[in-house]
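S.K.: Okay, handing you the structure first.
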Amino acid sequence: MSSGDTAWVMLCAALVFIMTPGVALFYGGLARRKNILSILMQCFFIMCLVSLQWVLLGYSLAFSPDLGHGIIGGLDWVGLNNVGMEPNADYAASIPHLSFMIFQAMFAIITPALIVGAFAERMKFSAFVVLMLLWTTFVYDPIAHWVWGTGGWLRDMGALDFAGGIVVHVSSGASALLMAILIGRRVGYENQSYKPHNLPLTVLGGALLWFGWFGFNAGSALEAGGVAANAFVTTNTATAAAGLTWALIEWQRHGAPTVLGIVTGALTGLVAITPACGFVSPLSSVIIGLLAGVFCYMAVTALKPKFGYDDALDVFGVHGVGGIWGTIATGIFANTAVNAAGADGLLFGNVKLFLVQGVYLLTCVTFALVMTWILFKFVDALFGVRVEKEDELMGLDLTQHRESAYTVLE
Amino acid sequence: MKYIIAIIQPHKFEEVKKELENVEVHLITVSNVLGRGRQKGFSEVYRGVEEIGLLKKIKLEIAVNEDFLEPTVAAITKGAHTGHPGDGKIFVCDLHEVVRIGTGERGGKAIG
Numbered sequence: 000m001s002s003g004d005t006a007w008v009m010l011c012a013a014l015v016f017i018m019t020p021g022v023a024l025f026y027g028g029l030a031r032r033k034n035i036l037s038i039l040m041q042c043f044f045i046m047c048l049v050s051l052q053w054v055l056l057g058y059s060l061a062f063s064p065d066l067g068h069g070i071i072g073g074l075d076w077v078g079l080n081n082v083g084m085e086p087n088a089d090y091a092a093s094i095p096h097l098s099f100m101i102f103q104a105m106f107a108i109i110t111p112a113l114i115v116g117a118f119a120e121r122m123k124f125s126a127f128v129v130l131m132l133l134w135t136t137f138v139y140d141p142i143a144h145w146v147w148g149t150g151g152w153l154r155d156m157g158a159l160d161f162a163g164g165i166v167v168h169v170s171s172g173a174s175a176l177l178m179a180i181l182i183g184r185r186v187g188y189e190n191q192s193y194k195p196h197n198l199p200l201t202v203l204g205g206a207l208l209w210f211g212w213f214g215f216n217a218g219s220a221l222e223a224g225g226v227a228a229n230a231f232v233t234t235n236t237a238t239a240a241a242g243l244t245w246a247l248i249e250w251q252r253h254g255a256p257t258v259l260g261i262v263t264g265a266l267t268g269l270v271a272i273t274p275a276c277g278f279v280s281p282l283s284s285v286i287i288g289l290l291a292g293v294f295c296y297m298a299v300t301a302l303k304p305k306f307g308y309d310d311a312l313d314v315f316g317v318h319g320v321g322g323i324w325g326t327i328a329t330g331i332f333a334n335t336a337v338n339a340a341g342a343d344g345l346l347f348g349n350v351k352l353f354l355v356q357g358v359y360l361l362t363c364v365t366f367a368l369v370m371t372w373i374l375f376k377f378v379d380a381l382f383g384v385r386v387e388k389e390d391e392l393m394g395l396d397l398t399q400h401r402e403s404a405y406t407v408l409e
Numbered sequence: 000m001k002y003i004i005a006i007i008q009p010h011k012f013e014e015v016k017k018e019l020e021n022v023e024v025h026l027i028t029v030s031n032v033l034g035r036g037r038q039k040g041f042s043e044v045y046r047g048v049e050e051i052g053l054l055k056k057i058k059l060e061i062a063v064n065e066d067f068l069e070p071t072v073a074a075i076t077k078g079a080h081t082g083h084p085g086d087g088k089i090f091v092c093d094l095h096e097v098v099r100i101g102t103g104e105r106g107g108k109a110i111g
């Protein structure tokens, strides 16, 4: 056991924790003022809900010994039974098993919180609670097991996902897109202004995300060493490249670089470098970030209008597309000179990793879409997922939570 | 009695206020409003989506007796004028009645 590694991972767990309030503020500022509390509430509720789900069931499903075929973990670690202060050598040999568990808990929490942006401003809160609990159990936990759990079939195949490009970003991004389509567009879509009501909040949220992401990515090394340092540097570098890229594209196309643009761009860099950060060099991370800015910009400004879906706060355009690119990029730029525990990518003469990343991508996207469709239809049949039109017009803060964020009369 | 509603540029408010004080008009109600004129505002861009923006304006509301009408209009015009588009407009309406809540006085006496 290493006290240095333990301190590092637990600090990183706390850093990842702050990302979910970061997401809440990022999304909250983008929503209209009548819906900001509903966004904050959904994120905060998930923090409570998934924290418990993870301890009671989720961690066991994702990480306990495989039931066979690499599909799902068993129930040996339900309620953290057999998860104690001694290290588990399969995951992290130098830190308490509990530290690894709580670090992973933070990933499980932020992932459903990312989806909130897609159905923002129109989902019934009760339906939201049930849908998110089911989603985290039946989509997140299995995918996490496949690629990170011992005996997981994608892990055994050699798929690389350093900090959750697919587990976190593609799974949430693809599911978010489907939920946005299934729940339908917001009332008045295309005839109404959906201007962000408080961009400074969005910038604060974006900054907290960038800050927390150091824990997310560098912490995924699970030890305070060289790989963690590399992940830290690639994370910061890709983010900077992507933020600049988005701002420069806007400057060229619209005559001005916007604040929302540079923050969004930075976020796409964070997403894209996530699966790759521990396997690629800083120079590769520049290219990954730069192209993340380009691809995600195109997804948000061209793809979305073309198909007319109302992914309200661009979860798919940022997390889905960014994560997909990062997963492919891992297959291109991964280098065993950076991390001997990884593999070489296309650029270093290895086609196999590139193909494995493709399998990883396709199966996880398909699984996420099919499961999300089933869960959504189930909850919709049970409760009705969408709020009444009158409630939507009045805003979710008042109708779902009986509160308003800002007073008009002092 | 007249009710004057003026829409002016925010940065001209202090000058208008000074001009109004020069003609001894002290009682005004002011609000922040959004609006656009023939120039169609100023477009904003959010993740590549252009929004027709509205411009920030200030709305003044002033109730005056007839003899104060022209000095008030002149003061606002002088204070708010730049000669550029977007300087704003002054609307003058007939005012039927004024009641001072504190004393119950009515009409011209209650205005000032």
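The listed protein sequences correspond, in order, to chains A and B. All letters in the first sequence, in the order written, are residues 0 to 409 by numbering that gives the first Met the number 0. All letters in the second sequence, in the order written, are residues 0 to 111 by numbering that gives the first Met the number 0. Don't be surprised by glycine CBs; every beta carbon is placed ideally from N, CA and C.
Could you tell me if His83 of chain B is buried or exposed, where buried requires 16 or more neighbouring beta carbons within 10 angstroms of its beta carbon?
M.R.: Counting Cβ neighbours within 10 Å, His83 of chain B comes out exposed, since fewer than 16 surround it.
S.K.: In the stretch 260-315 of chain A, which residue ranges form an unbroken alpha helix (DSSP H) of at least 4 residues, counting only runs that do not cross its ends?
M.R.: 281-297, 303-306, all fully within the stretch 260-315 of chain A.
S.K.: Give the secondary structure of Ser42 of chain B by DSSP, where H, G and I count as helix, E and B as strand, and everything else as coil.
M.R.: Correct three-state label for Ser42 of chain B: coil.
S.K.: Let me make sure I understand the geometry here. Which of A:Trp53, A:Gly205, A:Ile70 has the alpha-carbon closest to that of Met131 of chain A?
M.R.: It is A:Trp53.
S.K.: Under 9 Å, Cβ to Cβ, is there at least one residue of chain B near Tyr296 of chain A?
M.R.: At least one chain B Cβ lies under 9 Å of Tyr296 of chain A.
S.K.: Tell me the start and end of each unbroken alpha helix (DSSP H) in the stretch 23-109 of chain A that is at least 4 residues and wholly inside, in chain order.
M.R.: The stretch 23-109 of chain A contains these whole alpha helix (DSSP H) runs: 35-52, 58-62.
S.K.: Got a sec? Which residues, its chain only, sit under 8 Å from Asp89 of chain A by beta carbon, not counting five neighbours each side?
M.R.: So the list reads Thr149, once near-sequence residues are dropped.
S.K.: Please report the straight-line C-alpha distance between Leu374 of chain A and Trp245 of chain A, rounded to a whole angstrom.
M.R.: Going from the Cα of Leu374 of chain A to the Cα of Trp245 of chain A covers about 35 Å.
S.K.: From Trp209 of chain A to Thr398 of chain A, what does the alpha carbon distance come to, in whole angstroms?
M.R.: The alpha-carbon atoms of Trp209 of chain A and Thr398 of chain A are separated by roughly 33 Å.
S.K.: Just to make sure I have the definition right: I need the residues of chain A whose C-beta is within less than 8 Å of the C-beta of Gly34 of chain B. Which are they?
M.R.: By Cβ distance, chain A contributes nothing, its closest Cβ being about 15 Å from Gly34 of chain B, past 8 Å.
S.K.: Based on the DSSP secondary-structure assignment, which residues constitute the bridge partners of Cys92 of chain B?
M.R.: Partner(s): B:Tyr2.
S.K.: Taking Ile3 of chain B as the reference, give the member of B:Asn64, B:Glu13, B:Glu18 with the closest Cα.
M.R.: Out of B:Asn64, B:Glu13, B:Glu18, B:Asn64 has the C-alpha closest to the C-alpha of Ile3 of chain B.
S.K.: Using alpha carbons as the reference points, say which of A:Tyr308, A:Ile331, A:Ala240 lies closest to Val421 of chain A.
M.R.: Examination of residue 421 of chain A is not possible in this model, given that chain A is present from 0 through 409 alone.
S.K.: Counting only the same chain and skipping the five closest in sequence on each side, list residues whose C-beta sits under 6 Å from that of Asp390 of chain A.
M.R.: Result list for Asp390 of chain A: Thr398, in chain order.
S.K.: By the DSSP assignment, the alpha helix (DSSP H) with Gly211 of chain A in it spans what residues?
M.R.: Residues 198-217.
S.K.: Under three-state DSSP, which class holds Asn349 of chain A?
M.R.: In this structure, Asn349 of chain A counts as coil in the three-state DSSP scheme.
S.K.: Please return the same chain residues whose Cβ sits closer than 8 Å to the Cβ of Leu368 of chain A, not counting the five positions on each side in sequence.
M.R.: Only Ala173, Ser174, Leu177 meet the Cβ criterion.
S.K.: If you drop the 5 nearest sequence neighbours on each side, which residues of the same chain put their C-beta closer than 6 Å to that of Gly394 of chain A?
M.R.: Counting only Cβ-Cβ distances below 6 Å, and skipping sequence neighbours, we find Lys33, Asn34.
S.K.: So, does the stretch 181-190 of chain A touch the stretch 303-320 of chain A, judging by three or more C-beta pairs under 8 Å?
M.R.: Touching, yes.
S.K.: Whole angstroms is fine: what's the gap from Ile323 of chain A's alpha carbon to Ile331 of chain A's?
M.R.: Ile323 of chain A and Ile331 of chain A: Cα-Cα distance of roughly 13 Å.
S.K.: Assign Ile61 of chain B to one of three DSSP states: helix, strand, or coil.
M.R.: In the structure shown, Ile61 of chain B sits in a strand (DSSP, three-state: E or B).
S.K.: Write down the C-beta distance between Val49 of chain A and Pro95 of chain A rounded to the nearest angstrom, noting that I regard them as a contact closer than 8 Å.
M.R.: Contact flag wrong, Cβ pair sits at about 21 Å.
S.K.: Where do the ends of the beta strand (DSSP E) carrying Asn31 of chain B lie?
M.R.: Counting along the chain, the beta strand (DSSP E) containing Asn31 of chain B begins and ends at 28-34.
S.K.: Could you please give me the residues that DSSP links to Ile140 of chain B through a beta bridge?
M.R.: As shown, chain B starts at 0 and ends at 111. That puts residue 140 of chain B outside it, with no answer to give.
S.K.: Could you name the residues of the stretch 50-66 of chain B whose beta carbon sits closer than 7 Å to any beta carbon of chain A, in the order they occur along the chain?
M.R.: So the list reads Glu50, given in the order they occur along the chain.
S.K.: Can you pull the chain B neighbours of Gly204 of chain A, defined as C-beta to C-beta under 8 Å?
M.R.: Here the premise fails: no neighbours, minimum Cβ distance about 15 Å.
S.K.: Is it buried or exposed, Lys388 of chain A, if we count other Cβ atoms within 10 angstroms and call 16 or more buried?
M.R.: By the 10 Å Cβ count, Lys388 of chain A comes out exposed.
S.K.: Within 10 angstroms of its Cβ, does Ile261 of chain A collect 16 or more other Cβ (buried), or is it exposed?
M.R.: The residue is buried, with at least 16 neighbouring Cβ atoms inside 10 Å.
S.K.: Count Cβ pairs between the stretch 138-145 of chain A and the stretch 163-170 of chain A that sit closer than 8 Å; are there 3 or more?
M.R.: At 8 Å Cβ cutoff, the stretches touch.
S.K.: In angstroms with no decimal places, state the Cα-to-Cα distance between Lys88 of chain B and Ile272 of chain A.
M.R.: Each residue's Cα considered, the two are about 54 Å apart.
S.K.: Report the three-state DSSP secondary structure of Glu49 of chain B (helix, strand or coil).
M.R.: Note: Glu49 of chain B maps to strand in three-state DSSP.
S.K.: Just to make sure I have the definition right: I need the residues of chain B whose C-beta is within less than 9 Å of the C-beta of Thr263 of chain A. Which are they?
M.R.: Simply Arg46.
S.K.: For Arg184 of chain A, name the three-state secondary structure that DSSP assigns.
M.R.: Reduced to three states, the DSSP call for Arg184 of chain A is coil.
S.K.: Sort A:Val285, A:Phe278, A:Trp134 by Cα distance to Ile45 of chain A and report the nearest one.
M.R.: Out of A:Val285, A:Phe278, A:Trp134, A:Trp134 has the C-alpha closest to the C-alpha of Ile45 of chain A.
S.K.: Beta carbons nearer than 9 Å to chain B: which residues of the stretch 304-323 of chain A have them?
M.R.: Cβ contacts with chain B: Pro304, Asp313, Gly316.
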